[in-house]
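The opening position of the sequence shown corresponds to residue 172 in our numbering, with each subsequent residue numbered one higher. Where a beta carbon is used, it is the ideal one built from N, C-alpha and C, also for glycine.
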Amino acid sequence: MKNVTSPRPVMAYTPLRFLLAYLSVTLLIAIFGPTIYFNFPIQNTVIFMVATMAVMTFGFINGVRLPIKPPKSGEKEDTKFVRNLFRVSLFISAMSLIFVVSVALFDGNFNTDITAIGATYLDGYEGYERNSGTYGLQFLIYSFGLPFAFITNIWGLYYFRTLTKAEKLAVLFVLVGSLIFYVLGSGKQKQLGDTIIYIIAIVAIKKGVTNQGIKLRTLIIGIFAGILSIFSFAFILAQRYAALSTDAFNYNQKSLNNIAINVDHPIFKLFGPDMGFSLTVFLSYLSQGYYGLGLATTVNHSWTYFLGFSYSLSVIANRIFGVEWVWPDTLLYQTGVQTGWGETKWHTAFTHFATDFTFPGTILLFGFIAYLFARSWISAIRYENPFSILMFSLLTLGAFFLPANNQLLHSPGNLLTVIIISILYMAKARSHNRQPS
172 MKNVTSPRPV
182 MAYTPLRFLL
192 AYLSVTLLIA
202 IFGPTIYFNF
212 PIQNTVIFMV
222 ATMAVMTFGF
232 INGVRLPIKP
242 PKSGEKEDTK
252 FVRNLFRVSL
262 FISAMSLIFV
272 VSVALFDGNF
282 NTDITAIGAT
292 YLDGYEGYER
302 NSGTYGLQFL
312 IYSFGLPFAF
322 ITNIWGLYYF
332 RTLTKAEKLA
342 VLFVLVGSLI
352 FYVLGSGKQK
362 QLGDTIIYII
372 AIVAIKKGVT
382 NQGIKLRTLI
392 IGIFAGILSI
402 FSFAFILAQR
412 YAALSTDAFN
422 YNQKSLNNIA
432 INVDHPIFKL
442 FGPDMGFSLT
452 VFLSYLSQGY
462 YGLGLATTVN
472 HSWTYFLGFS
482 YSLSVIANRI
492 FGVEWVWPDT
502 LLYQTGVQTG
512 WGETKWHTAF
522 THFATDFTFP
532 GTILLFGFIA
542 YLFARSWISA
552 IRYENPFSIL
562 MFSLLTLGAF
572 FLPANNQLLH
582 SPGNLLTVII
592 ISILYMAKAR
602 SHNRQPS
């Protein structure tokens, strides 16, 4: 029988432990990995990260220990709203996917060759320039459909066994169809990464609900799946760099002056030049952001009125409301101007927020975010609160991208997803803090 009333569940601090381990490992990769970062302010980076992880630990612990607010007196659990929201989300996300796939097929832009993933990805970004031109209908449909796709994926996977046969097929269509279209058809790896993170979040909640901790068998399966995922990402990256005729031996000549690959690193001795190069590039995705963070601590920039921490927010303010284009004043942009590490390169999410909140303010901000992370986690595993499940999964997604970028607030679709999930969480979560029947 599930123990949902325990004041301190067995897995109460599991997300915190994984987060701290993840940030520590990725930081160590930045310092000791196969990618060499020239003039890397390691001391500044380590001091900031240690302080941030300490404050996040404090925030998470308090989020676990403080009692969860019960529903207000007379407030009923609106299960009908949850069911209807799921069905509407499922319909919109399925129609959105059908539309973008149809457009790609009609235009002849849908790739079906797994060996052409890299070339397809590069073709999609040919001639792209930030904040220029207009958004196409396909991009708008994708962006507005993203919050509904997120709800479909999270609730669809979590409640899969309770769905009707038609709903199960529709969920699988959205999930698998998106992977085929965006990974194979467009050469992107984000959807694959997002799906893996969703599964991790859902499995964690399921295990937390049982209040039995993670068994050795589950841990072994998780490690195997993680290794398989890493090699999957490495394969996709290998395709991209093959399309550029780039390998470990000419990368240093083709890359920026800021970085180089150490071909004498043990990773090349273990996996050889080809796979070693692919794994090195993948690991650099987890480490380059720390280099950007370190460089950002050494430059000056102008305050951007709480618009610069989100690229999409600055675009919306400029295009729709006529506010001055603030992006050139951001910490990321000025880091590129002053150090050569351009604003399109990797920067941790912390760098983005430091643009408007300063580095000390960002440390405190992430203490609060960790507190919210813990609150949604505890509510999810104690009550299987559907809105807490959404919020925890969303924050888990953001947590995985912390070393690389401000994933949750970067694109219009992700920004819209954060806004909608936050509104739902604030408006509906408390009424669902009840023991499941």
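Separation of the CB atoms of Leu573 and Leu328 is rounded to 23 angstroms, and the pair is thereby denied contact status at 8 angstroms. Secondary structure note for Ala183: it is in no beta strand (DSSP E), with a DSSP letter that is neither H nor E.
If the five residues before and after Lys240 are omitted, its C-beta is found closer than 6 angstroms to the C-beta atoms of Arg601, all from its own chain and listed in chain order. In the three-state scheme derived from DSSP, where H, G and I count as helix and E and B as strand, Tyr482 is classed as helix. DSSP places Ala600 outside both helix and strand once states are collapsed to three, so it counts as coil. By the neighbour-count criterion, in which 16 or more other beta carbons inside 10 Å mark a residue as buried, Trp517 falls on the buried side. Thr475 sits in coil when the DSSP states are folded into three classes, being neither helix nor strand.
Burial state of Ser244 is exposed, judged by a 10 Å Cβ sphere holding fewer than 16 other Cβ atoms. The alpha-carbon of Ile207 is positioned some 17 angstroms away from that of Pro444. Burial is judged here by how many other beta carbons sit within 10 angstroms of a residue's own beta carbon; Tyr476 has fewer than 16 and is exposed. Just so you know, the alpha carbons of Ile590 and Gly538 end up roughly 20 angstroms apart. The C-beta distance from Tyr461 to Leu198 rounds to 6 angstroms, short enough to fall under 8 angstroms. Between the region 250-268 and the region 316-330, the count of C-beta pairs closer than 8 angstroms reaches three or more; the two stretches touch. For Ile312, the enclosing alpha helix (DSSP H) starts and ends at 308-329.
The straight-line gap separating the alpha-carbon atoms of Gln578 and Gly569 is approximately 6 angstroms.
Residue nearest to Ala525 within the set Ala598, Thr567, His472, Ser564 is His472 (criterion: CA-CA distance). Listed in chain order, the non-local C-beta contacts of Thr522 below 7 angstroms within the same chain comprise Gly463, Leu464, Ala467, Leu502, Leu503, local neighbours out to five positions each way being set aside. Bounds of the alpha helix (DSSP H) holding Tyr462 are 437-467. With respect to the 8 angstroms criterion, Met182 and Gly379 are classified as neighbours on the basis of their beta carbons. For secondary structure counted as the alpha helix (DSSP H) over 4 or more consecutive residues, the region 360-403 holds these complete runs in sequence order: 361-381.
When the beta-carbon positions are compared, Leu484 and Leu586 come within less than 8 angstroms of each other.
Take Leu334, set aside five residues on each side of it, and no residue of its chain has a beta-carbon closer than 6 angstroms to its own. Judged by DSSP secondary structure, Ala337 falls within the alpha helix (DSSP H) whose first and last residues are 336-350. Nearest Cα to Ile325 within the set Ile594, Leu566, Lys599: Leu566. Contact between Gly234 and Ala545 is confirmed by a C-beta separation of about 3 angstroms, below the 8 angstroms threshold. In this structure, the beta-carbon distance from Thr510 to Val452 does not fall below 8 angstroms. Going by beta carbons, Arg553 and Pro180 fall inside the 8 angstroms limit.
Looking at the backbone, the Cα of Phe211 and that of Pro557 are separated by about 43 angstroms. Take Ser400, set aside five residues on each side of it, and the residues of its chain with a beta-carbon closer than 7 angstroms to its own are Ile367, in chain order. In the DSSP assignment, Ala431 falls within the unbroken beta strand (DSSP E) covering 430-432.
Where Tyr353 is concerned, there is no enclosing beta strand (DSSP E), because DSSP gives it neither an H nor an E. Glu555 counts as buried, since no fewer than 16 other beta carbons sit within 10 angstroms of its beta carbon. Between Val271 and Phe352, the C-beta spacing is below 8 angstroms. Contact between Pro205 and Leu454 holds: CB atoms are separated by about 7 angstroms, below the 8 angstroms threshold.
Distance from the CA of Asn255 to the CA of Ile371, rounded to the nearest whole angstrom, comes to 26 angstroms. When only Cα atoms are considered, Gly230 and Ala541 end up about 5 angstroms apart.
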